[in-house]
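Chemist:
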Amino acid sequence: MGKGGVILGLIGLLLGAGGLGFGIINFMNQPTIYYSYHDTEFYPSSVSIYVPITNIALVFEIGGPVSLHLLFTCSARCFGDIASFSDLLFYFMINDVQQTDMPWARTGSHQGSSDSDYTTVALQHYFTVTVPGIYNITVVVLTERLGNFIRQSSLWIQAYPA
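When you line the sequence shown up against the working numbering, it's residues 6 to 167, in that order.
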């Protein structure tokens, strides 16, 4: 093998080792995933009061700074109200505190447009947590009419090293 072949071989080895290094970095940054799913109906128990959806709550421990991606989805059924709105409103709740500074979702049936409406709800948010500790994350829902309900609820959380 000539001088050019040796140089090409060394370049190939360096590129291969570099590729393995990038793979290790990618492997080390894999997210930790927390997931909860509840198939049956959940009826908010009171009108105009935020109620936690306790059967999808996730409790986990964070050891250092992480970035969290929260995703909540469900199917909602809202019954029409001839005189008013019949909405469901959703917020994230972290450690028993409703997160009013985060995104929220609203769905519903408005002023008798039909006797009931089925809708899909999606609520997501991405933020960084720097304080280690145990976190309890769920979703709270408010109904403007008794009888409205949700089902097929899922809460998906991905934690990435920050």
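C-beta: ideal position from N, C-alpha, C; glycine also.
Please list, in chain order, all residues of the same chain as residue 103 whose beta carbon is under 7 Å from its beta carbon, the five residues on each side excluded.
Modeler: Locating residue 103 in the sequence shown gives position 98, where the first residue counts as 1. Closer than 7 Å at Cβ, skipping near neighbours: 55, 96 and 145.
Chemist: Between the segment 128 to 136 and the segment 41 to 58, can you find at least three pairs of beta-carbon atoms closer than 8 Å?
Modeler: Not touching, per the Cβ criterion.
Chemist: What are the complete beta strand (DSSP E) segments, minimum 3 residues, inside the segment 96 to 141?
Modeler: Within the segment 96 to 141, the complete beta strand (DSSP E) runs of at least 3 residues are 110 to 115 and 121 to 134.
Chemist: Less than 8 Å between the CB atoms is what I'm expecting for residue 120 and residue 84, so what's the real figure, rounded?
Modeler: Reading the sequence shown from its first residue, position 115 is the one you call residue 120. Reading the sequence shown from its first residue, position 79 is the one you call residue 84. 7 Å between Cβ atoms; contact.
Chemist: For the beta strand (DSSP E) containing residue 159, list its first residue and its last residue.
Modeler: Taking the first residue of the sequence shown as position 1, residue 159 is located at position 154. Unbroken beta strand (DSSP E) run through residue 159: 154 to 166.
Chemist: With respect to the beta strand (DSSP E) encompassing residue 41, which residues constitute its N-terminal and C-terminal limits?
Modeler: Residue numbering aside, residue 41 sits at position 36 when the sequence shown is read from its first letter. Counting along the chain, the beta strand (DSSP E) containing residue 41 begins and ends at 37 to 43.
Chemist: Determine the DSSP secondary structure at residue 93, reduced to helix, strand or coil.
Modeler: Against the sequence shown, residue 93 aligns to sequence position 88. Residue 93: strand per DSSP, three-state reduction.
Chemist: Label residue 150 either buried or exposed according to how many other C-beta atoms from any shown protein chain fall within 10 Å of its C-beta, with 16 as the threshold for buried.
Modeler: Here residue 150 is taken as the residue at index 145 of the sequence shown, counted from 1. It is buried - the Cβ of residue 150 has at least 16 other Cβ atoms within 10 Å.
Chemist: Less than 7 Å between C-beta atoms, sequence neighbours within five positions excluded: which residues of the same chain meet that for residue 91?
Modeler: For the purposes of this step, residue 91 is taken as the residue at position 86 of the sequence shown. Cβ within range, chain order: 83, 84, 85, 113, 114, 149, 150 and 153.
Chemist: Can you say whether residue 49 is buried or exposed, counting buried as having 16 or more other CB atoms within 10 angstroms of its CB?
Modeler: Residue numbering aside, residue 49 sits at position 44 when the sequence shown is read from its first letter. Result: buried.
Chemist: Considering only residues of the same chain and omitting the five flanking positions on each side of residue 94, which have a CB-CB separation below 6 Å?
Modeler: Counting from one through the sequence shown, the residue named residue 94 turns up at place 89. Taken in chain order, the residues that qualify are 111 and 147.
Chemist: With distances taken Cα to Cα, identify the nearest neighbour of residue 143 among 101, 126 and 124.
Modeler: In the sequence shown, the residue the question calls residue 143 occupies position 138. Checked all of 101, 126 and 124; the closest Cα to residue 143 is 101.
Chemist: By DSSP's criteria, residue 57 is part of a beta bridge. Which residues make up the other side?
Modeler: Here residue 57 refers to the residue found at position 52 when the sequence shown is read from its first residue. Bridge partners of residue 57: 145.
Chemist: Taking the Cβ atom as the reference point for each residue, do residue 167 and residue 71 lie within a distance shorter than 8 Å?
Modeler: For the purposes of this step, residue 167 is identified with residue 162 of the sequence shown, where counting begins at 1. For the purposes of this step, residue 71 is identified with residue 66 of the sequence shown, where counting begins at 1. Closer than 8 Å, so yes.
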